[in-house]
Every structure is written in structure tokens, then in C-alpha cells.
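In what follows, a single structure is set out as C-alpha cells and then discussed.
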Amino acid sequence: MPKSRRGRIAAAGAMSVLSLALIAPLASAALTDSADPTTAPAADRVTDTSQLPSGWQKSGDRIVTYDGDGTGLHVLVADAADAYQWHTAATLSEPGVDTDQWIGQTCVTGSGDRAVVVYAPRQAVNDQQGFQQGAFAAVVDLATGRVTKLPELVSLAYFNPGCGAGEQAVLTRPQGAGTQLLTVDAEKGELVRQQTVAGQLTSAVPFGNEIAAALGDSVVSVDAKGATSTLARTASTPFRLVPDAHSGLAYQVPAGKKVQVRRVTSAGSDRLLGSGALGALAVHGNGGRVFVTGADAGDAVKTLPKSWRTLDVPASAEVSTTGGLALTSVGNGTEAAGGRKAAADIAPSVGIGAVLPGSDSTVDFTVKPKISQKSQGAEQSPALSDGVHTDSVTPGDDDPSTSTTDPDRACAVTRNDPKLQSLQPSTAQAEWATDLAVRGKLDVRRRSGWNGSELPSYTPQGLFPSTPLKGGGRVPAQIMLGVLSQESNLLQASSRAAAGESGNFIQGGYYGNAGSVHTVNWAAADCGYGIAQVTSGMAKADTTYTAEQQQAITVDYAANIAAGLQILQDKWNQLYDKGLLVNGGDPKYLENWWLALWAYNSGFNLPSSTDATAPWGLGWFNNPANGLYPADRTMFLSSGYDDARNPNLWTYPERVLGWAAYSQQKTDPATGATVRAFTVGDWPAGAPAAEPAHDTFCKPTVNDCDITKPRKVEGSSQPEGPCQRDDFKCWWNQPVSWTDCTATCGTEVLKYQAGDPEPKVAAPHPAACTSTLPAGALIVDDVPNTVKFRVGAVGPCAGRRNWTSRGTLRFTFGSAQQNGATVFPSKIDFHQLGAGFGGHFWLTHTRVPSFTDSVVTGTWTPDRKLGGWAEVMVHLPDHEANTPSATYRIDLGDGTVVQKTISQGTGGKNIWVSLGSYEFNGTPSVSLSSATTDGTGDASIAWDALAFVPLKGAPADATTPSASPSPSASK
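Now the structure itself:
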């Protein structure tokens, strides 16, 4: 019998966005058509310097703005000391991105020396995911034009980026149900902190040693550990936060048709400074200075704190660093042209209109942006991971002899695809997802790329909606938890992956190998995936689910639970239609799910459409009267957890109810004590009292079952039992009642409520994100640059990865001829884990060379030739690598090969180990095979990153190749 398992953006910032939209920019000098020959262009500087205040030649005032076209986003800068002569600091774009316009925002650091820029192609705003996580970020040195692109994609929201009073800025992006805050040290040109905070945070800026942001109807501060504290409560969502020079923070709050200007201190003292019509006032700032702009700003805000000024300029004006110039318009005339793309190397001129605050003087400028060279903004961002280097290990490669995946598989989603790793949940996460799912509330937002996949944004029960039960009610949480316990031990990923770590999905019979590591039988594959072991719909040829649904079932435990729940609900409804109810059919009682559990595991045989006398109903395998199970057994786990050593002594429904009543066990990390893994149900008189007798589903007149007539079918492997049919089709198809559920049956107990956040878990093996090798090291990682290391919605290496893979790791897999086809048994024991260097490594177990069908060989090759001396370094992960006999074959590029044998045991540390220093002449490579003379299938061997570290000359311990390479030929 085949298995039957089939297995909104928050509105908190809406008023802030509305406020911004009401501040309409003026367009007095913006070019209406950059090609209009009748328009006399203005100068690129103030030609009548009498308009400028005295001492302008020594002023430190600086104005920075931006404008975009098809060539890039131009960062434009002008200094008062140069009569505000404009020049292009940098033009930012990304190679290969086809767009007619680049868009973005900037902020200027406290020194005025640097701009932090967010930029993206225009079409990014047409897609929610593109808007929320599709923008690039960079730091621009305004004096030298040097561009440092940052390695993370961020939001295009109006408040991004947010600069503080010093040289730091904050970038934001949504992450799951929270907001990720990325702190940039602009002076260093790097991300120095990454935090994910629950809720939707907006307008984030550095504030002292912390971050200030708007969260709902509050201004909050976020400390270095990500903890939030409230600075001020407001009537609606605060926006446009600007730190001042005296431990204060300027911000605005909408109040009906008005807007308030307020100041809160780091100590939490909050004060209203003034108000005006919504859209008539705005706060700006730089370097601790705060400017309140608006035509009536002086009347609206009369009492000003130190370092604050009001400027009688349009509220929307962009203000210079000391308030000497305010821009009222910026544009090239093509921004709304609808697809007019500039030539690749020609940027249209930009018109700029400005006013000189404190005077009636206005000035217009025309700027011709300069197209940058690669060092100034056109080089690919490290946030992009495709196209720069050749990567041979390509998931989905059609050649199964070299692809880590299984192109020849029978199941829908392949193993060993680095972009389709399953996140291992904690038991708390599994219970949380279950408690929410049974109530139809598992609507946590999975952002695009969740857990490093290529899935678009989704919610688990958006993909797999809860199915209403016929007759009303819902699935009790403990029933679903019991199912998950029995199906997978609450595991979504392979047991090699700890909670919070990713790896291949847990699966039963993917290779159809019946437990053998030397057999691949795709025809016998059982495509059960993940924590609920969703099976139906997961074959490669099955179209029940979309590819997106199949992948979500694979990578996301919550989606898998939602799919499993949907299947269980379908089973209940199927039985309900046939009248198969238990104890009256109230679904709130756990025992009343007995028949649905039976069907979930082994299916339901529908009545024949042609033979009314043919058996139909629930199969014999899970009937408690079946002689496969000892007649004297008590309730599963009621005698103790030793029962779990032999679960085969109980039927599937018995095991599920046992887990529901007694739970799995786990070790409390705080105390070391053994505790229940999840909340158990509640029974008035104890769970065993509600169990049915073993013969409850055995009636001669119903299913040809008679316990008074033990029978052995001649020639059958089935034991003696009560089924009176030679074909064992003693199938149950009637309603049944064995107890008064109001007095004995179990009911659910919920731990988590709708809206509770997803529990967090810290992986015990954090990745080594940062390279500790010398800056010139040529690192070849074990996966392509296109692979993003994510743990759920979080990128643990974000802002810490200071390297790029410069080459490939290519595998060859041992094969065998079976059933007339070439298959690759070596992949059965081939695994991936989301740990080690950069968050990924491969592993298998060593075997003697004669097991050719089990041998895996990986070869690292850099993307360039090497000439001269270099040290070869290999990274070893902190777990799942312990062979004492890892032999690396090092090709020096000219055909000379040397060997180096090391132990991969690291004592639980992520470390780089030297393989020796060699003189290279050509494109080198390093190979590692799982074939060892001591291989027994027990010791694990891993492939992580490898590096070539150039040396100035031959070191004292240099290795000289021998004519007959051997392990002793190198140090």
C-alpha cells in the first residue's frame, strides 16, 4: 500500500510615507528635456559670487545630491569654497542590469566627507520583494570619488540610508517578521554590525552608541545586542529621525492634518517644539545640526534647542551641511520619460534649482555628470553573487557524474543543492508552527530567498491553506505534534544538522535503496520530505504541487507542517463523507482522530465503482488486531520511554497518541535536565483510559475479522491473526465508538498563541564568516558565489564576509551499473551542512578504494594561473570531519603533483590548516578523495574552502617536489 502522506507588509509606517508624499518637490530648474536646444544651460557654479555670504571662500559648507539615468545613479557634490561648483563624485550602477533609470537616496556623514548611497534599477519598485530587499548600497568618498560597495541588499524605503552625527549610518531591510539593521562604518567602508529586531522599524539612524528608530507608535533605541527600549510614545508613527549634537533626536509625528516637530533625549525626555500643516514642515540634519524647513518654519517652531535652525525654504528642500544652500529641484528631464534609456556612456545634463537661505537669492545650475570608471562605481557589487567567476559545481547540472544533485532522480526536489537546504527547527519552533497552523494562523512572512533558497516571498498557510473540517472544529495541536514526532522525530533536515543549522532534507526512501549505500533504485523511491514526511505530490512526475510548493515543503519546516496538516484535514473530510466517525465525531477529542491517522499513514481504499461487495476502507496493516503487534502491549510510552526503542510494536495511531500524551524528550540547555520536548494533551483520567481495545476494529460482519478464530494463511509470511481473508483485505469501513469522550478523551493544550513570534534558535556550530588569511589570499570556496548563506531570514555572515570565491570545486562521483542504467551510489552518503567557512561544506565517509561506487573526489581549481611561491591552506569545519587520513593531491600547474596527508580532526574548531608551500607554474588544482586505506564508512571527510596564499619567495620550509610523490614529499 503506497503511503498517503502528501505529504502583508505591516502598515505601521503608512502615515510616514503619506507625510513624505505630501511634501511635493518643486521643479523650477529641473530640466524638462535635456536635449532641448532652445534652453540656455545655466552654469555649473554660482557665477555672481556677490550672492554668497562673506567668507564663503573659507566656508566648509557642502551640498550633496543625486540624480539617475540609464548610465547610473550620479552622486553630485558642490562646496561653498568653490562657489558651489558641481562635480560628479561617483556614478553607481551594476554591470549587466538592463534599466532605463537608476534610482536611490543618499545621506552625508557627520564630517561631510562621505556619502552613504542606496541605489537600484527603477523596475525594482514594481515588485514588493525588489522594493524591500532589492537595492544596493555603497559608501562614496566625496573628495576622492572612491566607491566601496557593501555586500548586502537593502530596502528602497525613503528613510534608507540614515546617517548619524558621526561617521556611521544605518541601512535597513525587512527580515521575516522583523527588521534587519545594518550599521555602516563609512570611514572604514564596511558593515560593522548586523541586528534583527522584531517588528517593522523605520527611519533608523545611529544615536549615540545605539540606533534610534520608529517602531509602531514609539521612538525606540536598539542596543548592540538588538534589545529595544522605548524613548517616547507618540500618537502615530514617528518619521524622519535626525540626531542632534546634544544627545537629542529630532523627529516628526503626524497628527491628523498637522505634523508635530518633537525632540527626545537619550534619557527619554520628550518635548513638542512646534507644529504645522502636514507637509509644510520637515526636519533635516547633518553632523549634529538640525534644520527645520518650511515657509513658516520660524513661526511654527519658535523655541530651538542648541544646534537647531529654522530655514525659510520649501519643506522639501535638500539642505547643505551647514545650511548655506538649499536645493529646491533636481532633475534631468528623463525621469518620467517611460523607458527612454540613455546611451551607455552619455549621461544627460542635470538641472538644479537652489535658494540661499536668509536671502531672496535663487540660483540655477546645470551639471554634466561624469561616467565613472570601475573603481568609481561600475564594478559589480559584492551583494551580487553571479557572473564574475566560473563555478563548475552547478546545482541542476545535467551530468550526474559531476553534479552534486541528482538529475536522474524520481523525486521532485533534489538532494545536495546548496540553494535548497532544509532548516532544522528546534522543538519549540515545531510546536510554535503547529499551534499556529491548527488555528489557520501560520502566516509568518517568509521573504524572498528564505534560508538561501530562490523562493519568492510567501507565507506557509498562503501556500497550503488550512482546510475546514466537515462537521466543524479543527485538528488538535497534540495530534499534529504526534504525527510530526512519529514521522520525523520533529526533524525537517537530516539528523546531521543541529537545530538552527541547515542541511539536506530528512527523507526515507529517496534512493529506493532499502538502506543500502550501494544501491540506487529510482523505481522504488519513496519521496517523503521533511518534518511531516510529505509524500504524495512530491514525485518528479507529480503535478499536485507547483515547483514553488515542492521547494517550500523541502526547505521550510513551517510550510511542511502546513502541508502535512492540510493532508490530515483532507483525510478527516474523506472519512467524514463516508460516515467513518469515532465516538460521535467531535474533532476536539484526540482519540477521535484515530481513523484519520490510520488513513494519513497507510491510505484509504475507496469503494469499488463496479463491485458493491468488494472490500473497502482502512487497510489491515494499522488495525490494532493485526497479529503484527503483541496483544499484551499497553499504550505506547505509558510504561516509560523505553517503548520508543521498539516503536514497531504499535500501530501508527497508537504511536501518535502516545507521543501526544507523553511527548518526545529533550535536554534543557540551561539545566541539563531531560524535559518534555513539547506540551502534551490533557486527559481527565489519564491517557491509557481512553485507548480502544485491540479488537475494536475487528468485526466478522464488517471486515471479516474474528479474534475468536486465529488463522494462519498457508504460505504467507503474515503471522497468525484474526483476519479471515487470504488477501488480508480485512478493511475497516464503519463508524465506531468505544468511550464517552466527555469523561475520558484527551483534549489539546496550546503553548503558543496566534501572533506569537517564531522562536529563535542559535546554531551550535556558527559559520566562519570572515577570512583570517592574508589579504592577497586566493580563496576557492566549496560552493559558487551564487549561493547565499541564510539561516531562515537571517544572513549570519552579512557584513562579515571579507572575501570572494575565486574558482571552483568540482566533484566526480563513483558509479555502478544497476538495472541496465548507470547510477551513482556514492551520492547516498554524500551530504551538505550549513556551517564551516562561509556557511557551507560537503562531507561523506571514507571507504577503501575497492568500493569504487562509493568514492567521491573533489577538486579545487582557482580561476587564474599562479607563478611563483604560494602556501596552500585548507579550511576544516568544526564538526563532521574527523578522518586521520585526508590525502590532498596538489597539482603545481605544470603537471607536477605532490601529496599531503593530514588529519581533519580540529577539536571542534573552524581552522585553516597548511598543506605546505610550493612553487607554482600555471593553473594549479588540489584534489581530495574519500578513498583511504583505513576507510570503513565510519570516519567523516569534508570539503570546505581552500586557498592559495602568495609568498614573496621560497620560505624556509618550502616543499620540493619529488619524482615519486608520496605523503612524505611535503611538509
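Each residue of the sequence shown is one higher than the one before, counting from 1 in the working numbering.
Beta carbons: idealized from backbone N, C-alpha and C, even for Gly.
Check, Outcome
"Can you list, in chain order, the residues of its chain whose CB lies under 6 Å from that of Tyr918, leaving out five sequence neighbours each side?", "Leu892 and Thr959"
"Hey, quick one: how far does the beta strand (DSSP E) through Pro873 stretch, first residue to last?", "The sequence as given places Met at residue 873; Pro does not occur at that position. Looking at the DSSP string, the run of the beta strand (DSSP E) that includes Met873 is Leu866 to Leu876."
"Our contact map puts Pro692 next to Trp594 with C-beta atoms below 8 Å; I'd like the distance itself, whole angstroms only.", "7 Å"
"Just mark Lys827 as buried or exposed, buried being the case when its beta carbon has 16 or more other beta carbons within 10 Å.", "buried"
"In this structure, does DSSP put Ser917 in helix, strand or coil?", "strand"
"For Ile911, which beta-bridge partners are listed by DSSP?", "Leu876"
"Given that a residue counts as buried once 16 or more other Cβ atoms are within 10 Å of its Cβ, and exposed if not, what is Ile211?", "buried"
"Between which two residues does the alpha helix (DSSP H) containing Leu484 stretch?", "Ala477 to Ser488"
"In whole angstroms, what separates the C-alpha of Gly640 from that of Trp659?", "12 Å"
"What residue from Pro348, Glu654, Val319 and Phe239 has the CA that sits closest to Gly331's CA?", "Pro348"
"Using the three-state DSSP reduction, which class does Tyr641 fall into: helix, strand or coil?", "helix"
"CA-CA distance, Thr543 and Ala525?", "17 Å"
"Could you give the C-beta distance for Glu501 and Ala763, rounded to a whole number, given that I count them as a contact under 8 Å?", "5 Å"
"Can you find a heavy atom of the ligand PLP that lies under 7 Å from the Cβ of Leu951?", "This structure lacks the ligand PLP, and indeed carries no ligand of any kind."
"Out of curiosity, what's the CA-to-CA distance linking Asp570 and Gly820?", "40 Å"
"Whose C-alpha, out of Lys666, Val736, Ala677 and Ala673, is nearest the C-alpha of Lys699?", "Val736"
"Thinking Gly776 and Arg801 are a contact (beta carbons under 8 Å), I'd like their distance in whole angstroms, please.", "With 8 Å as the limit, Gly776 and Arg801 do not qualify as a contact, their Cβ atoms being about 17 Å apart."
"Nearest to Tyr511 by alpha carbon, out of Arg415, Ala870, Leu436 and Leu490?", "Arg415"
"In the DSSP assignment, find the unbroken alpha helix (DSSP H) run with Gln549 in it and report its ends.", "Ala547 to Val555"
"Distance, Cα to Cα, Leu181 vs Trp738?", "57 Å"
"Alpha carbon to alpha carbon, how far is Ala43 from Pro37? Give it in angstroms, no decimals.", "Confidence at Pro37 is low in this model, with a pLDDT of 45, below 50, so its placement is unreliable and no value can be given for it."
"DSSP beta-bridge partners for Gln194?", "Leu182"
"Could you round the C-beta distance between Val367 and Trp86 to whole angstroms and report it? I think they count as a contact, below 8 Å.", "4 Å"
"Does the Cβ-Cβ distance between Gly746 and Ala677 come in under 8 Å?", "no"
"Would Asp643 be called buried (16 or more neighbouring beta carbons within 10 Å of its own) or exposed?", "buried"
"Sorted by chain position, which residues of the same chain lie with C-beta nearer than 6 Å to Lys370's C-beta, five sequence neighbours on each side aside?", "Thr88"
"Assuming Asn573 and Leu469 form a contact by the criterion Cβ under 8 Å, report the distance between their Cβ atoms to the nearest whole angstrom.", "7 Å"
"For Ala433, name the three-state secondary structure that DSSP assigns.", "helix"
"Spatial neighbours of Lys58 within its chain, please: C-beta separation below 8 Å, excluding the five flanking residues on both sides.", "Ala81"
"What whole-angstrom Cβ distance do Thr230 and Val220 have, given they're in contact under 8 Å?", "6 Å"
"Whole angstroms is fine: what's the gap from Ala428's alpha carbon to Thr405's?", "31 Å"
"For Pro955, count the other beta carbons within 10 Å of its own beta carbon; 16 or more makes it buried, fewer makes it exposed. Which is it?", "exposed"
"Suppose you measure from the CA of Asn733 to the CA of Ser422; what does that come to, to the nearest Å?", "38 Å"
"Say whether the region 869-882 touches the region 938-949, bearing in mind that this needs 3 or more beta-carbon pairs closer than 8 Å, one atom from each stretch.", "yes"
"What's the call for Leu67, buried or exposed, on a 16-neighbour Cβ count within 10 Å?", "Strictly speaking, residue 67 in this sequence is Asp, with Leu absent from that position. It is buried - the Cβ of Asp67 has at least 16 other Cβ atoms within 10 Å."
"Using three-state DSSP, classify Cys163 as helix, strand or coil.", "strand"
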